[in-house]
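Number of protein chains: 2
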Amino acid sequence: MSLPENLRNRLCDLLGDRLSEGAADRDHHAQSESFHRAPPPDAVAWPETTQEVSAILAACDEVGVPVIAWGAGTSLEGHALAVRGGLTLDFGRMDRVLEVRPEDMTVSIQPGVTREALNQELRATGLFFSVDPGANASLGGMAATRASGTTAVRYGTMRDNVLALEVVLADGRIIRTGTRAAKSSAGYDLTALFVGSEGTLGIITELTLRLHGQPEQVAAAVCAFDDLDRAVECVSTTIQSGIPMARIEFVDAATARAFNGYAGASLPELPHLMVEFHGSPGAVREDAERFGEIAADYGAKGFDWATTPEDRARLWRMRHGAYHACLSLRPGASGVLTDICVPMSELPAAVHAAAEDIAANGFIGPIVGHVGDGNFHSILLVDPGDEAEVARAKEVAFRMAERALAVGGTITGEHGVGLGKRALMPAQHGEAWQVMGAIKAALDPRDTLNPGKLVPDRN
Amino acid sequence: MSLPENLRNRLCDLLGDRLSEGAADRDHHAQSESFHRAPPPDAVAWPETTQEVSAILAACDEVGVPVIAWGAGTSLEGHALAVRGGLTLDFGRMDRVLEVRPEDMTVSIQPGVTREALNQELRATGLFFSVDPGANASLGGMAATRASGTTAVRYGTMRDNVLALEVVLADGRIIRTGTRAAKSSAGYDLTALFVGSEGTLGIITELTLRLHGQPEQVAAAVCAFDDLDRAVECVSTTIQSGIPMARIEFVDAATARAFNGYAGASLPELPHLMVEFHGSPGAVREDAERFGEIAADYGAKGFDWATTPEDRARLWRMRHGAYHACLSLRPGASGVLTDICVPMSELPAAVHAAAEDIAANGFIGPIVGHVGDGNFHSILLVDPGDEAEVARAKEVAFRMAERALAVGGTITGEHGVGLGKRALMPAQHGEAWQVMGAIKAALDPRDTLNPGKLVPDRN
Ligand SMILES: Cc1cc2nc3c(=O)[nH]c(=O)nc-3n(C[C@H](O)[C@H](O)[C@H](O)COP(=O)(O)OP(=O)(O)OC[C@H]3O[C@@H](n4cnc5c(N)ncnc54)[C@H](O)[C@@H]3O)c2cc1C
Ligand SMILES: Cc1cc2nc3c(=O)[nH]c(=O)nc-3n(C[C@H](O)[C@H](O)[C@H](O)COP(=O)(O)OP(=O)(O)OC[C@H]3O[C@@H](n4cnc5c(N)ncnc54)[C@H](O)[C@@H]3O)c2cc1C
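Line by line, the protein sequences are chains P and L. If you count by full-length UniProt numbering, then the first sequence holds residues 1 to 459, one letter each, in order. If you count by full-length UniProt numbering, then the second sequence holds residues 1 to 459, one letter each, in order.
Structure below.
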């Protein structure tokens, strides 16, 4: 497919060489970090201003050409693939930090700013932005997927850290949602509605984010457990005890092996927890001691404290690299990913059942997770060319999701719906999925924005 | 007006004597805590189950009779008044705590449970529900107004503490939003959409709430300042310093006077801060010391520590009673209330400007606030029969709202829109207000649910 002649002319006038129909540019935007594949979009545009985004959307909406936003392209469920063709909007050129307000602990940015660039920019302020998915994602994409990371257990997810948005609607109207105040009761929470909407309700052109103060003291450690059950039970007990963990991450024995091979680590091939404490020196000491006592009850051993900032950076870089490290366990493999999140009391049983199912089906399927939230992933390594194997992996993933729903959990804690989780939406939401469809139809009547994702197909 | 014959028969069959068209019942549901007035509803119903709510809504929607939810009737902007007649649904009989899950720190309840009843029920668990508006509101009403209270600075508002809802839609469909997991990325955040929707999008029939552990140690104090500016500047500095305040409340000199008269206090007639610290003994000591140092810089004096649980209960009961205490400063008066919330750095100027405008216009208008969030109220005491005075008070209130918007704040931090703030919605939201209207039209096409509130009128 290609853009309608008329639309191409309008967009060329508007964007010049920031519109491309070249194969390389299109193919680059047909890639995905997971096994999902789709044909490339018809064209790619690199807008530089909100006004341009507005003009592009109005033009595409008029002639019924889909528009798909693209941040860093690191989403894991094929979110940004142009399954119905159309125009991909790459936000790589809208990457400015607009205003830091240290005294309010907020920042306003364009959507293409990446989390690493943002924290680089904030370094001198004593503040940081807390949400840290493993990839160096864009903040626009992170808002759109309601992303989280290792620190959500303490500082929350994108839901909690986005204060306000500028959004361009399908027909080109520009709106602002939220304010810079800490709270508001002035009508429907449109900010929360656009966060997690995966580019299907509107295109985010500006974000105002909550920042946090750099903790006075930080302590981090890794420790090993004899078996998976004891490691995960230690997590439940820790969270239930109320210790305000800044991070508490689980990696299983397979992941530890992957770290050794891929990241030059030398961990025993056992399940591990990686933990971090933030606060005043006294509080960090108290918290670390209390955690140490709980961990000892579960037989934790080989406590390794990361004392310098460099050691800690190395530790978390390793954790953030878990996905790619795990992929390296089977060269050429892709990952069928699960992302369930369950109530804390259900976590040990959920991880146990997942591990059993993976083993019973003969997969290499490392398990890692932001377990302080009750959230974990298994990365089922498959040969993307082997349809039968992919199908079998999807069955394992499907059963994990079903078990999560049965105990009051969710099919996706942080990655989002995209293509990969859409078939599970009716099971999770029932009639509420139709309500999502009604909202989509009200805001995007021609189904211009990222069509074929998240909501039910139109009748 | 009265109910259409057919509808009355259907509802009578369904509810028996839990449907009333009696004058006393109708008049009771025409009352409001503020100066807003409207004719009574045509009838009042007391449902006992979700199925009943569903049947009532389907029946009313069919014949175009408005349905207005009623929790405890404590909202301050005429939210629950039947401005277009119809049926008021009183949730007083749906007041059961359904399930406490201490190990997950969650609870599921019916909407008519009040915040005091809930915390009574939780006493033995070591957990508490944190959101505490001054009135003993229902949790359904608190969710519907996105309420907050004195502890929001630490534990968040209803936005942060509602995990999942059961909602009956205008046509009677029953949906569930959210899960019991700590986070989810499974599609649009319908929970956040219904929280704060003031009964205009759906009727909440069940809530799952986040609980918090009772802090190991609690310390509370009240202290006085020479003038309003220094008290409020102390708040900004405290919050910016990162001390994790559990409560930090401001009351001005007029409010202190009201407490003395109404609540038997003996405070100097000066501006005060009321503060509370939660945590481990060490952390509470550190936090209280740091706060004490900051407060001393602003000339705080007369520190009075509430050391026993009874003393603290008395302190916060007094604070919760501020609205009624202030009303007593002018017998027979009603309150025109403001509820702005601004970014922390703007708080001192905002309070200062409000106080000046109130004084310049000769009002008794005490100022109190959840200032740790940047949120404060002035209670402009008016003779509800004196239209000119009410109009003048509304002008003062309007200017406060305008100033809040000019610095990135909101017209209502916690009370919500109701009747009183609706005229300000275009100023705050611009085109986004139309988006709220489009969502309302999609979910409630016949405008059955609390019509005439929150969104623009239908064309
Ligand atoms: C190694 C690795 C580790 C990861 N770890 C985590 C993790 O810990 N936690 C986590 O949550 N995720 C994780 N992810 C997934 C991914 O990083 C997140 O989903 C991230 O939020 C995607 O951001 P992005 O900028 O890459 O978005 P993209 O992939 O470009 O887009 C994602 C979705 O957002 C939409 N979108 C993008 N920009 C906008 C915009 N401006 N307006 C509207 N819609 C927009 C797109 O249309 C698409 O639907 C990981 C991925 C990898 C590869
Ligand atoms: C003395 C005093 C102090 C106060 N202090 C505070 C404060 O500190 N913070 C604060 O936020 N508020 C405060 N308020 C205001 C009030 O308590 C809150 O707005 C509260 O949330 C209202 O709850 P309610 O149960 O009384 O709701 P109601 O007044 O009965 O209803 C409020 C709105 O919610 C809707 N509603 C009620 N139940 C449902 C349901 N089940 N489903 C859908 N919609 C529903 C109604 O239709 C209406 O629109 C105070 C009020 C008083 C009188």
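All C-beta atoms in this analysis are idealised placements derived from N, C-alpha and C, irrespective of residue type, glycine included.
is_contact[residue i, chain L] using C-beta, thresh 8 Å
{"i": "ASP104/P", "result": "yes"}
{"i": "ILE364/P", "result": "no"}
{"i": "VAL275/P", "result": "no"}
{"i": "CYS223/P", "result": "no"}
{"i": "ARG123/P", "result": "no"}
{"i": "PRO451/P", "result": "no"}
{"i": "ALA265/P", "result": "no"}
{"i": "GLY413/P", "result": "yes"}
{"i": "ARG176/P", "result": "yes"}
{"i": "ARG173/P", "result": "yes"}
{"i": "SER75/P", "result": "no"}
{"i": "GLY335/P", "result": "no"}
{"i": "ASP373/P", "result": "yes"}
{"i": "ARG159/P", "result": "yes"}
{"i": "LEU15/P", "result": "no"}
{"i": "ARG146/P", "result": "yes"}
{"i": "ILE439/P", "result": "yes"}
Residue i classed as buried or exposed, judged by whether at least 16 other C-beta atoms fall within 10 angstroms
{"i": "THR238/L", "result": "buried"}
{"i": "THR88/L", "result": "buried"}
{"i": "TRP305/L", "result": "exposed"}
{"i": "ARG319/L", "result": "buried"}
{"i": "LYS301/P", "result": "exposed"}
{"i": "ASN161/L", "result": "buried"}
{"i": "THR49/L", "result": "exposed"}
{"i": "MET1/L", "result": "exposed"}
{"i": "GLN217/L", "result": "exposed"}
{"i": "ASP17/P", "result": "exposed"}
{"i": "GLN31/L", "result": "exposed"}
{"i": "THR308/P", "result": "exposed"}
{"i": "VAL63/P", "result": "exposed"}
Residue i - partner residues in DSSP beta bridges
{"i": "LYS183/P", "result": "The partner list for LYS183/P (beta bridge, DSSP) is empty, contrary to what the question assumes."}
{"i": "PRO277/L", "result": "Contrary to the premise, residue 277/L reads as Phe rather than Pro in this sequence. Answer is ALA219/L."}
{"i": "ILE411/L", "result": "The partner list for ILE411/L (beta bridge, DSSP) is empty, contrary to what the question assumes."}
{"i": "ARG176/L", "result": "GLU166/L"}
{"i": "PHE128/L", "result": "HIS212/L"}
{"i": "HIS352/P", "result": "None, per the DSSP bridge assignment."}
Below-8 Å beta-carbon distance, residue i vs any chain P residue
{"i": "GLN428/L", "result": "yes"}
{"i": "LYS301/L", "result": "no"}
{"i": "residue 465/L", "result": "Absent from the model: residue 465/L. The displayed extent of chain L is 1 to 459, so no value can be given."}
{"i": "ARG180/L", "result": "yes"}
{"i": "CYS341/L", "result": "yes"}
{"i": "HIS28/L", "result": "no"}
{"i": "LEU209/L", "result": "no"}
{"i": "MET400/L", "result": "no"}
{"i": "ARG446/L", "result": "no"}
{"i": "LEU193/L", "result": "yes"}
Integer-rounded CB distance, given that residue j should sit under 8 Å from residue i
{"i": "VAL168/P", "j": "GLY141/P", "result": "About 16 Å; that fails the 8 Å criterion."}
{"i": "ARG180/L", "j": "ALA164/L", "result": "6 Å"}
{"i": "MET245/P", "j": "ARG154/P", "result": "6 Å"}
{"i": "LEU139/L", "j": "PRO102/L", "result": "Not quite, the Cβ-Cβ distance comes to about 18 Å (not below 8 Å), so this is no contact."}
{"i": "ILE204/L", "j": "ALA117/L", "result": "That belief does not hold up - the Cβ atoms of ILE204/L and ALA117/L are roughly 17 Å apart, past 8 Å."}
{"i": "ILE294/P", "j": "VAL275/P", "result": "Between VAL275/P and ILE294/P the Cβ distance is about 11 Å, and since that is not below 8 Å, they are no contact."}
{"i": "VAL65/P", "j": "LEU3/P", "result": "7 Å"}
Please determine if the segment 220 to 236 of chain L and the segment 184 to 202 of chain L are in contact, where contact requires at least 3 C-beta pairs separated by less than 8 Å.
-> no
Between the segment 357 to 366 of chain L and the segment 251 to 259 of chain L, do three or more beta carbon pairs fall short of 8 Å?
-> yes
Does the segment 128 to 140 of chain P come close enough to the segment 203 to 222 of chain P that 3 or more CB-CB pairs lie under 8 Å?
-> yes
Determine, using beta-carbon pairs with one atom in the segment 75 to 93 of chain P and one in the segment 418 to 425 of chain P, whether at least three such pairs fall under 8 Å.
-> yes
Can we say the segment 3 to 12 of chain L touches the segment 389 to 401 of chain L, given the rule of at least three CB pairs closer than 8 Å?
-> no
Should the segment 268 to 283 of chain P be regarded as contacting the segment 221 to 230 of chain P, the criterion being three or more beta carbon pairs within less than 8 Å?
-> yes
Any 3 or more C-beta pairs closer than 8 Å across the segment 405 to 412 of chain P and the segment 420 to 437 of chain P | yes
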